[in-house]
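Residue numbers (the working numbering), protein chains in the order written: chain A, 1 to 518; chain B, 1 to 97.
Remarks on the structure that follows.
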């Protein structure tokens, strides 16, 4: 059989790519080269990558081809290319976290997630752009300039894992790793029209994930299909003795759930606080349609009130900055990264202050000072202490809801992608992008975003969020896969086929994802 | 509750951030707005509600006291802004007088 065309290779799912490599129809090197070519063609416009490791990627692909030829057993993602968020350490590539303070820093070790990807034969193409130290919702806080949304290059791709979402939506990689602290996987996935999953906290290892808010940070998958996300989820998950908060329990059966794609008899709760007037009309329209779809597929839908969810955002903006102010104290210009003003006369204290002022961007500075404030004596009880109590209230809302229903659903984001520059110096407006995603971070449970159509007013993608109890990650995949299959049948293909400016396969006739007929 | 520019200057010192006057002016207004918004947590966090730090409760995690591979001195110093004699070289930490 003739080798597949390079364009086809970049537009295949990870599962399809792994399948064609396994049968010998195409080599891992050909697949990797096709993606490197795609990056060379589009990334000057998308700016998803901060570093492309072409030679390393081809060497990793060659190794997969060699092992296959030798008859060695290969995993389900062997030879599949991936874009890695630049917050995960890599011994053979720089790790900047989108910050000047770590410009050109090369870590001396691989993160556990990095190591597991390599062990699975996944080919790491390079490191993706992000808001500095994962603080932001647009990638505009990157010291290296923003990434662009493949649906419309003047819009943000979401954040903080916006380089990862843009890379996957632009067909530069079928898979990407992101990290979610307040929504940083699900929100960029939603606004780029792809799938993004935040696993249960502790389900995926934080070892080698440069810390922002340690009680929240969670690595997870981004992909164009629910099954691909599940395959990547499984590859990176599982207990890690190097992470003291790693959960020592079996990985939930996420791949089986994605293949099951069945919601009949499932009890689904619509979060009352996150729907209705007051949110973007097209987002609400698509969300309502998704709920009706779930009902038509045999799910039992009820409305559930989670009265404390609207307090999640303020609680988050006390807890995350507090942890950040502590974690980022390590960037002191002494052991790694930038050092400024060391003229043999200045003290370590002065050099430290000059280094941090020069190395951190405005959002990181705001959050460090906010966290320092919330943790200072006199304010600790009124702010950090109260926020931790609110965390309990949110967790109790989830517990009460999950006594009535198996999963909760909401839109992933209040709005579709917004223009680059619109919110960049308006922190409170930027923070609202994570309004619906933060509760699952604070409670530490599992949540996924899956495309559910286009907002009629602007033709931009909308995400459906599915939340499940801690360690019940598989339920989110079961629902997301059912939604994906039913919508793709209705639309005549994947949502990404409608992204402008990208080569897309022919869409069949049917009802358009914006609700109109085509 | 509001925050003054002087308080923000104090926070910047505590945070080891040598901010310019323009930055202090800018951040003071923004932090005041953010602190005003996050103070909403005080509306619902009543007495007696326990604080929560982690989703899955964790206790101290120990491993067996056996040697495991670790970084070599060369690896540990590879990213240092300055190093000499196998150590990190740092600016003076004591005042002149």
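For glycine and all other residues, C-beta sits at the position ideal for the given N, C-alpha and C.
Nothing here was measured: the structure is a model prediction, and the numbers come from that model.
Please check the pair residue i and residue j, which I expect to be a contact at CB under 8 Å, by giving their CB distance rounded to whole angstroms.
i                      : j                      : result
residue 16 of chain B  : residue 335 of chain A : The Cβ separation is near 15 Å, so there is no contact.
residue 475 of chain A : residue 426 of chain A : About 36 Å separates the two Cβ atoms, so there is no contact after all.
residue 319 of chain A : residue 391 of chain A : 7 Å
residue 111 of chain A : residue 207 of chain A : 6 Å
residue 161 of chain A : residue 179 of chain A : 6 Å
residue 283 of chain A : residue 466 of chain A : Not confirmed; about 16 Å, so no contact.
residue 521 of chain A : residue 24 of chain A  : With chain A covering 1 to 518 only, the question about residue 521 of chain A has no answer from this structure.
residue 166 of chain A : residue 449 of chain A : The Cβ separation is near 15 Å, so there is no contact.
Would you identify the three-state DSSP class for residue i, choosing helix, strand or coil?
i                      : result
residue 2 of chain A   : Any reading at residue 2 of chain A needs caution, since the residue's pLDDT is 49, under 50, leaving its predicted position unreliable; the model's value is listed next. Note: residue 2 of chain A maps to coil in three-state DSSP.
residue 518 of chain A : Only weak support is given to the placement of residue 518 of chain A: the predicted model assigns it a pLDDT of 47, under 50, and the question is left unresolved by the model.
residue 506 of chain A : Here residue 506 of chain A scores only 39 on pLDDT, less than 50, and its place in the model is too uncertain to base an answer on.
residue 35 of chain B  : helix
residue 254 of chain A : helix
residue 244 of chain A : coil
residue 293 of chain A : helix
residue 231 of chain A : helix
residue 354 of chain A : helix
residue 82 of chain A  : strand
residue 370 of chain A : helix
residue 100 of chain A : helix
residue 437 of chain A : coil
residue 219 of chain A : strand
residue 236 of chain A : helix
residue 179 of chain A : strand
residue 41 of chain B  : helix
residue 360 of chain A : coil
residue 81 of chain B  : coil
Starting from the beta carbon of residue i, find every residue of chain B whose beta carbon is closer than 9 Å, and list them in chain order.
i                      : result
residue 365 of chain A : 12, 15, 17, 19, 23 and 27
residue 445 of chain A : 55
residue 392 of chain A : 45, 49, 50, 51 and 52
residue 308 of chain A : 44
Would you mind telling me which residues of chain B sit closer than 8 Å to residue i, beta carbon to beta carbon, in chain order?
i                      : result
residue 105 of chain A : 79
residue 320 of chain A : By Cβ distance, chain B contributes nothing, its closest Cβ being about 11 Å from residue 320 of chain A, past 8 Å.
Tell me whether the beta-carbon of residue i lies closer than 9 Å to the beta-carbon of residue j.
i                      : j                      : result
residue 127 of chain A : residue 86 of chain A  : yes
residue 496 of chain A : residue 487 of chain A : no
residue 259 of chain A : residue 481 of chain A : yes
residue 163 of chain A : residue 130 of chain A : yes
residue 451 of chain A : residue 195 of chain A : yes
residue 261 of chain A : residue 490 of chain A : no
residue 98 of chain A  : residue 142 of chain A : yes
residue 216 of chain A : residue 483 of chain A : no
residue 410 of chain A : residue 331 of chain A : no
residue 327 of chain A : residue 213 of chain A : yes
residue 456 of chain A : residue 515 of chain A : yes
residue 364 of chain A : residue 351 of chain A : no
residue 314 of chain A : residue 37 of chain B  : yes
residue 237 of chain A : residue 434 of chain A : no
residue 338 of chain A : residue 346 of chain A : no
Give the interface partners of residue i over in chain B, defined as CB-CB distance under 7 Å, in chain order.
i                      : result
residue 315 of chain A : 41
residue 353 of chain A : 16, 17 and 18
residue 386 of chain A : 41, 42 and 45
residue 333 of chain A : 81
Grab the span of the beta strand (DSSP E) containing residue i for me, first residue to last.
i                      : result
residue 303 of chain A : 300 to 304
residue 449 of chain A : 446 to 455
residue 112 of chain A : That residue, residue 112 of chain A, is in no beta strand (DSSP E); its alpha helix (DSSP H) goes 112 to 119.
residue 430 of chain A : Looking at the DSSP string, residue 430 of chain A is not in any beta strand (DSSP E); the run it does join, the alpha helix (DSSP H), is 427 to 431.
residue 547 of chain A : Residue 547 of chain A lies beyond the residue range present for chain A, which begins at 1 and ends at 518; the question has no answer from this structure.
residue 465 of chain A : 460 to 468
residue 49 of chain A  : 49 to 52
residue 100 of chain B : Nothing about residue 100 of chain B can be reported from this structure: the residues present for chain B run from 1 to 97 only.
residue 163 of chain A : Element bounds for residue 163 of chain A: not the beta strand (DSSP E) but the alpha helix (DSSP H), 162 to 169.
For a contact defined as C-beta to C-beta under 7 Å, what are the partners of residue i on chain A?
i                     : result
residue 75 of chain B : 108
Hey, would you say the C-beta of residue i is under 8 Å away from at least one heavy atom of the ligand ADP?
i                      : result
residue 275 of chain A : Because no ligand of any kind appears in the structure shown, any question about the ligand ADP cannot be addressed here.
Residue i lies in the alpha helix (DSSP H); which residues open and close that run?
i                      : result
residue 21 of chain A  : 14 to 23
residue 73 of chain B  : 73 to 77
residue 26 of chain A  : Element bounds for residue 26 of chain A: n/a, residue is neither H nor E.
residue 191 of chain A : 186 to 192
residue 394 of chain A : 386 to 404
Give the residues of chain A in contact with residue i, contact being defined as C-beta atoms less than 9 Å apart.
i                     : result
residue 95 of chain B : 347
residue 92 of chain B : 344, 345, 346, 347 and 348
residue 66 of chain B : What residue 66 of chain B touches in chain A: nothing, since even the nearest Cβ is about 12 Å away.
residue 87 of chain B : Those do not exist, as residue 87 of chain B stays about 11 Å from chain A at its closest Cβ, beyond 9 Å.
Kindly list, in the order they appear in chain A, the residues whose Cβ is closer than 8 Å to that of residue i.
i                     : result
residue 98 of chain B : Outside the displayed range of chain B (1 to 97) lies residue 98 of chain B, so it cannot be described from this structure.
Please list the residues of the stretch 388 to 416 of chain A that have a C-beta atom closer than 8 Å to any C-beta atom in chain E, keeping them in chain order. Chain labels in this structure do not include chain E; the protein chains are A and B.
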